[in-house]
Amino acid sequence: MIDIETVTMTDYRPFRAHHYNPSKINLSQVIAPPYDVISVQEQEDLYEQSPYNVVRLILNKEKPDDSDQDNRYTRARNFFSDWCHEQILLREEKPCFFLYRQIFRRPETGEKLSRFSLLGILKLEPFEKGIVVAHEQTLARPKADRRRLLETTQTNFSPVFGLYEDESEKLPPLFSEILKAKPNFYAVEGDTVHEVWKISEDSSLHEIQEFISGKNIYIADGHHRYQTALDYAREMHRKEGVPEARLQPYDFVLMALVRFEDEGLVLLPTHRAVKPFSGFDPKKLLESLKPFFKVEAVPGSFLQKGTRYLQGLTSFDLVLKDDGYHLTLEHPEKVKALMPPGKPEIWYSLDVNLLAYLIFHKLMDLAPEAWETQLRFTHSEQEVLEWVKRGEVAAAFLLRAPQVKILKQMGEVKELMPQKSTYFYPKLASGLVFYHHQE
23 MIDIETVTMT DYRPFRAHHY NPSKINLSQV IAPPYDVISV QEQEDLYEQS PYNVVRLILN
83 KEKPDDSDQD NRYTRARNFF SDWCHEQILL REEKPCFFLY RQIFRRPETG EKLSRFSLLG
143 ILKLEPFEKG IVVAHEQTLA RPKADRRRLL ETTQTNFSPV FGLYEDESEK LPPLFSEILK
203 AKPNFYAVEG DTVHEVWKIS EDSSLHEIQE FISGKNIYIA DGHHRYQTAL DYAREMHRKE
263 GVPEARLQPY DFVLMALVRF EDEGLVLLPT HRAVKPFSGF DPKKLLESLK PFFKVEAVPG
323 SFLQKGTRYL QGLTSFDLVL KDDGYHLTLE HPEKVKALMP PGKPEIWYSL DVNLLAYLIF
383 HKLMDLAPEA WETQLRFTHS EQEVLEWVKR GEVAAAFLLR APQVKILKQM GEVKELMPQK
443 STYFYPKLAS GLVFYHHQE
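Below you can see the structure in the form of structure tokens.
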């Protein structure tokens, strides 16, 4: 277990950010969601939206004749360089932090909320040190892709999303003072408003750095990008023969930090679906579930309400082509006997672990190494229904949204949840500020 009392030196710094030139660019036309939630059609739409849209940097199009000399990564590098020369992108003259406010509506209720992030650069730390804490497993393919982009561009185009504790509300008064000024950058993306204020006063910079230095950072989103940046930094130290104690620009990663206590911290569920595979029999699946779960058939309309009312006991909904079922755990002791041994109780209590290691692995015979290619993920119940109707998936499982405190608890016991276990809404925008390694 991580002894958070011993963690006293988180190195979070202001930086000389690159950002779009507000006198030349309408920011609403050039920001984008993170690369991993952009569909092929959305990529095309963003390309059409503006010749300077950040999608050309974070998710450049692949071409049939791509080569080592000309590919999506080299094109991203060239766009970044060209835009700097054309003053489409500007660089701050002195290091700054940034306060980033997102104004949005909670999807389930329509309630209007705001979420506040600090934008700065965080010194990369291996997870075993306990300063930066992960909660989610990563996949090989996204890491390889992000590694090539980082190597080629030497730039963080999107922030990793981190959380920190501030129960004493040390920083909100500072935020309130900053909000009295007009934001430096403003954009609207769908129903979400993005506002960014520059923080450059020495006293404010010192206050933020000093406070964060004693905090653990829990990664909420961006595990692949964090691990990629850490691996890259280690390799660069070896390649250049520079001792790791001599910090270099690549020893830091662009990081957005949000208070655990922020009222705008919203988690949505991530549903899982299994692609068709040889030997799958829905009747056998249902029978295999009965020794562990109470299995209740429900009408097709349950998609409009099913997961809304899942409370207390471990439970989720199963969608098959012609039927829907509500599953409630009845025999946890039987389940635990089939799960990986030696885990803390909090690990065994999570719906997502039960689904992954009991149902996928043991009952459906899908080994963990097959999950990357055999599973599909979505945050939309309607999309799940469409996949099942069209026969694109053999079965789908609707989960509850996890509680934010689970993320912290899992980090403290040094256990990881399966990939795509958490979905913070809304996503942080890409295209607000960039961190480039070169002066």
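Numbering-wise (the numbering used here), the sequence shown opens with residue 23 and increments by one.
All residues carry an ideal CB built from backbone N, CA and C; glycine is no exception.
GLN404 is the residue among HIS41, ARG281 and GLN404 whose C-alpha sits nearest the C-alpha of PRO291. Rounded to whole angstroms, the gap between the alpha carbons of LYS427 and PHE315 is 26 Å. Burial is judged here by how many other beta carbons sit within 10 angstroms of a residue's own beta carbon; VAL218 has at least 16 and is buried. Taking one beta carbon from each stretch, the stretch 201-218 and the stretch 126-144 have 3 or more pairs nearer than 8 Å; the two touch.
Counting the other CB atoms within 10 Å of its CB gives ASN375 a total of 16 or more, which places it among the buried residues. Per DSSP, reduced to three states, the secondary structure at HIS157 is coil, with no helix or strand assignment. Distance check between TYR240 and each of TRP105, LEU146 and ASN178 places LEU146 closest, using alpha-carbon atoms only. With respect to LEU429, ALA242 sits close: the two C-beta atoms are nearer than 8 Å. DSSP lists no bridge partner for LEU79. With at least 16 other beta carbons inside 10 angstroms of its own, GLN65 counts as buried. About 7 Å separates the beta carbon of ARG35 from that of GLN231, a gap short enough to meet the 8 Å contact definition.
Between THR177 and PHE299 the beta-carbon gap is near 40 Å, outside 8 Å, which marks them as no contact.
The continuous alpha helix (DSSP H) containing TYR69 extends over residues 62-71.
Secondary structure at GLN124: strand, using DSSP grouped into helix, strand and coil. Beta-bridge annotation (DSSP): VAL182 is paired with MET277.
Taking C-beta separations shorter than 8 Å and ignoring five residues to either side along the sequence, the partners of THR444 in its chain run HIS157, GLU158, ALA242, ASP243, LEU289, THR292, PRO424 and LEU429, following chain order. Between the alpha carbons of VAL76 and SER139 lies a gap of roughly 20 Å. For SER225, the uninterrupted alpha helix (DSSP H) run begins and ends at 224-234, by DSSP.
In this structure PHE233 is not in contact with LEU287, their Cβ atoms being roughly 18 Å apart against a cut-off of 8 Å.
No Cβ-Cβ contact shorter than 8 Å links ILE153 with THR350. Under DSSP, TRP219 shares a beta bridge with LEU121. Contact between LEU144 and VAL280 is ruled out by a C-beta separation of about 13 Å, above the 8 Å threshold. Under the DSSP assignment, ILE143 falls in the beta strand (DSSP E) whose first and last residues are 134-145. Of LEU79, TYR370 and LEU438, the smallest CA-CA separation from ASN100 is found for LEU79. Closest in alpha carbon position to ASP273, among LEU311, ASP373 and LEU172, is LEU172.
With contacts defined as CB atoms closer than 8 Å, ALA295 and LEU49 fail to qualify as a contacting pair.
Around the C-beta of LEU360, fewer than 16 other C-beta atoms lie within 10 Å, and the residue is accordingly described as exposed. Bridge partners of ILE47 according to DSSP: none are assigned. In the three-state reduction of the DSSP assignment, ILE200 falls in the helix class. Taking 8 Å as the cut-off, the Cβ atoms of LEU340 and PHE419 count as close.
In the structure shown, SER89 adopts coil according to DSSP, grouped into three states. With respect to the 8 Å criterion, ASP284 and ARG422 are not classified as neighbours on the basis of their beta carbons. Sequence-distant Cβ neighbours of TYR370 in its own chain, meaning closer than 7 Å and more than five residues away, are LYS358 and MET361.
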